[in-house]
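Have a look at the structure below, then the notes.
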Amino acid sequence: MPPRMTDPNRSLLTLRGLDAGTLTTLLDRAESLLPVVRGADHIPRIVSGAVVGLLFLENSTRTRCSFEIAVHRLGNHPVILTGQGSSLVKGESLSDTAANIAAMGVQALVVRTSLAGGADLVARVTGLPTINAGDGRHEHPTQGLLDASTLRSHLGSLEGKRILIVGDILNSRVARSNMHALTTLGATVVLVGPPSLVPWSFAECGPQIEVSHDLDAVLETADGIMMLRIQLERDAGRSVSSDYRVAFGMTSSRASRLQEGVPVLHPGPINRGVELDDAVAADIARCLVLEQVARGVAVRMASLERALTSGAPV
Ligand code: CP
């Protein structure tokens, strides 16, 4: 099947290369939709009637449910396909799966897959507006946007801010999307973790990217901190020692050294007692995981609206 063109103004495959204006437009639109998510405003039927295929071929709680809610909130209809419930288990390829769903007449696709580049492949095979909901170690653009939205709302602006991302950077699509978004919006990103998960080569990604293997040395320089999970499903457990929490966990003791107002984020799912202590997770003034989740619905509404409306600015 020949590759087809997908409209870059509708698809969201990566945050790499999106300029500050595009990111800010999406974030501003998400901000305006947040009252809908919080139940304080009416449900806008902005693009009613479209059918959106949600291809969740790798496990997900937050991303899948928030996309499904976002589709409903916009007055559209989701069709959900999961890996285990599909003919992928009989050996059908991702390309053929996507082409078949597209042939049924959906107007856009959302793709979660363990295959890096999988969302881009789906966009090229189908020519449909496609949103990457996480593809292997590559990117998770709507997670990067919801994290930027959360940080922006707490810090006012990201310009000149110093954001620590701590943990399994090597295997993290969340870290990659955040690096693109946060630096484009003016922040410096400090990648922190053991050398096995944060090689020095990450420092070559750009002038606003730093690497540290010593969390305690950089902790108090942070304007915001994002803790990441060790990605056991990508074999990262082999690369960490049993005292990971002692060296890189956000313990209560470390949290007490943070300046007041420095937020702690985590994309979820949390491995409690490893990268985040229970007491830190329970401190809702500091730890914004559920605010991130709420903002995720608004960001996904804004991304779907962009996908479904003729490339017009949102
Ligand atoms: N943050 C995130 O992508 O979570 P899920 O894997 O549960 O969707």
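Just so you know, we're using our numbering here: the sequence shown kicks off at 39 and counts up by one.
We put the beta carbon where it would ideally sit given N, CA and C, even for glycine.
Assign Leu313 to one of two classes, buried (16 or more other C-beta atoms within 10 Å of its C-beta) or exposed (fewer than that).
First, the amino acid is wrong: residue 313 is Glu here, not Leu. Label assigned to Glu313: buried.
I need the DSSP call for Ser239, collapsed to helix, strand or coil.
Secondary structure at Ser239: helix, using DSSP grouped into helix, strand and coil.
Under DSSP, the alpha helix (DSSP H) around Met339 begins and ends at which residues?
327-346 is the extent of the alpha helix (DSSP H) around Met339.
Considering only heavy atoms of the ligand CP, does any lie closer than 6 Å to the CB of Gly121?
Gly121: no, Cβ never under 6 Å from the ligand CP.
How about the segment 88-104 and the segment 112-123: do they share at least three Cβ pairs that are nearer than 8 Å?
Judged by Cβ distances under 8 Å, the segment 88-104 makes contact with the segment 112-123, as three or more pairs qualify.
Any non-hydrogen atom of the ligand CP closer than 6 Å to Ser98 Cβ
Yes, Cβ of Ser98 sits closer than 6 Å to a heavy atom of the ligand CP.
Three-state class that DSSP yields for Asp158 in the structure shown:
When DSSP states are grouped into helix, strand and coil, Asp158 belongs to the helix group.
If you compare alpha carbons, which of Gly306, Arg292, Leu257 is closest to Thr101?
That would be Gly306, whose Cα lies nearest to the Cα of Thr101.
Provide the residue span of the beta strand (DSSP E) that contains Ile118, from first to last.
For Ile118, the uninterrupted beta strand (DSSP E) run begins and ends at 115-120, by DSSP.
So, for Ser210: in the same chain, excluding its five sequence neighbours on each side, which residues have a beta-carbon less than 6 Å away from its beta-carbon?
For Ser210, where only same-chain residues beyond five positions count, the Cβ hits under 6 Å are Leu266.
As assigned by DSSP and simplified to three states, the class of Gly59
Three-state result, Gly59: helix.
Check: Gly306 C-beta below 6 Å from any heavy atom of the ligand NAD:
No copy of the ligand NAD occurs in the structure displayed; its ligands are the ligand CP alone.
Between which residues of its own chain and Glu329 is the CB-CB distance below 6 Å, once the five residues before and five after are set aside?
Same-chain partners within the cutoff: Thr188.
In whole angstroms, give me the CA-to-CA distance for Glu248 and Ala241.
In this structure, the alpha-carbon of Glu248 lies about 5 Å from that of Ala241.
On the premise that Lys199 lies in contact with Gly121, defined as a C-beta separation below 8 Å, what is that separation, rounded to the nearest angstrom?
With 8 Å as the limit, Gly121 and Lys199 do not qualify as a contact, their Cβ atoms being about 38 Å apart.
Going along the chain, which unbroken runs of the beta strand (DSSP E) with 3 or more residues stay wholly within the segment 129-198?
Taking only runs of at least 3 residues, the beta strand (DSSP E) segments lying wholly in the segment 129-198 are 146-151, 168-173.
Report buried or exposed for His80, applying the criterion of at least 16 other Cβ atoms within 10 angstroms of its Cβ.
With fewer than 16 Cβ atoms within 10 Å of its Cβ, His80 is classed as exposed.
Is it right to say Ile203 is buried, meaning 16 or more other beta carbons lie within 10 angstroms of its own, or is it exposed?
It counts as buried.
Residue environment, Ser291, which counts as buried when at least 16 other CB atoms sit within 10 Å:
It counts as exposed.
Using a 10 Å radius around the Cβ and a threshold of 16 neighbouring Cβ atoms, would you call Glu298 buried or exposed?
In summary, Glu298 is exposed, with fewer than 16 beta-carbon neighbours lying within 10 Å of its beta-carbon over all protein chains present.
Use the C-beta contact count for Arg150: other C-beta atoms within 10 angstroms, 16 or more gives buried, fewer gives exposed.
Around the Cβ of Arg150, a 10 Å sphere holds 16 or more other Cβ atoms; the residue is buried.
contact_flag[the segment 214-230, the segment 54-66] where n(CB pairs < 8 Å) is 3 or more:
Touching, per the Cβ criterion.
I'd like the list of long-range same chain contacts for Gly182, defined as Cβ closer than 6 Å, with 5 residues on each side in sequence excluded.
Its chain contains Leu53, Ser215, Asn216, Ala219 as the residues whose beta carbon lies nearer than 6 Å to that of Gly182, once the 5 sequence neighbours on both sides are disregarded; these appear in chain order.
Contact check, Val75 vs Ala336, beta carbons under 7 Å
In this structure, Ala336 lies closer than 7 Å to Val75 by Cβ.
Going by DSSP, what residue range makes up the alpha helix (DSSP H) through Ser104?
Where Ser104 is concerned, the enclosing alpha helix (DSSP H) stretches over 100-111.
Check whether the Cβ atoms of Ala293 and Val318 sit closer than 7 Å, and answer yes or no.
Contact: yes.
Enclosing beta strand (DSSP E) for Val204 [first to last residue]
Val204 -> beta strand (DSSP E) spans 200-204.
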